[in-house]
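Numbering (my numbering), first residue to last: 488 to 585.
For each residue, glycine too, the CB sits at the ideal point set by N, CA and C.
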């Protein structure tokens with residue numbers, strides 16, 4: 488069930504002064520605990536606007552459910568069924584605007 492009380496958890500990033508001096512990833516991602524908390528915010532909408540906006544057809548509600556359960560391997564397997572380059576999509580998909 489969705490936890491509608493929680494605000495979106497911001498993704499950790501390198502500090503600007505640090506990242507100005509290296510070529511490492513700026514976005515550091517979520518810890519497993521934060522990923523699970525963020526996934527539990529999913530409302531499981533019947534209209535599934537997240538899937539309608541996904542050009543590669545990732546089964547987003549299914550993989551979010553697995554993340555919410557803490558089952559990251561199954562979540563990854565679900566993504567890989569429709570998307571052979573998830574790391575690339577993660578860089579170009581404007582999911583933060585959806």
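- With fewer than 16 other Cβ atoms from the protein chains shown falling within 10 Å of its own Cβ, residue 499 counts as exposed.
- Relative to the Cα of residue 574, the nearest Cα in the group 527, 516, 503 belongs to 516.
- Looking at 538, 571, 553, the one whose alpha-carbon comes closest to that of residue 581 is 538.
- For residue 577, the uninterrupted alpha helix (DSSP H) segment begins and ends at 573–579.
- Taking the C-beta atoms as reference points, residue 507 is found no nearer than 8 Å to residue 526.
- Cβ-Cβ separation between residue 569 and residue 545: approximately 5 Å, consistent with a contact (criterion under 8 Å).
- Counting only the Cα atoms, residue 509 lies some 31 Å from residue 566.
- Distance from the CA atom of residue 528 to the CA atom of residue 520, rounded to whole angstroms, is 13 Å.
- Under the three-state reduction of DSSP output, residue 515 falls in the strand class.
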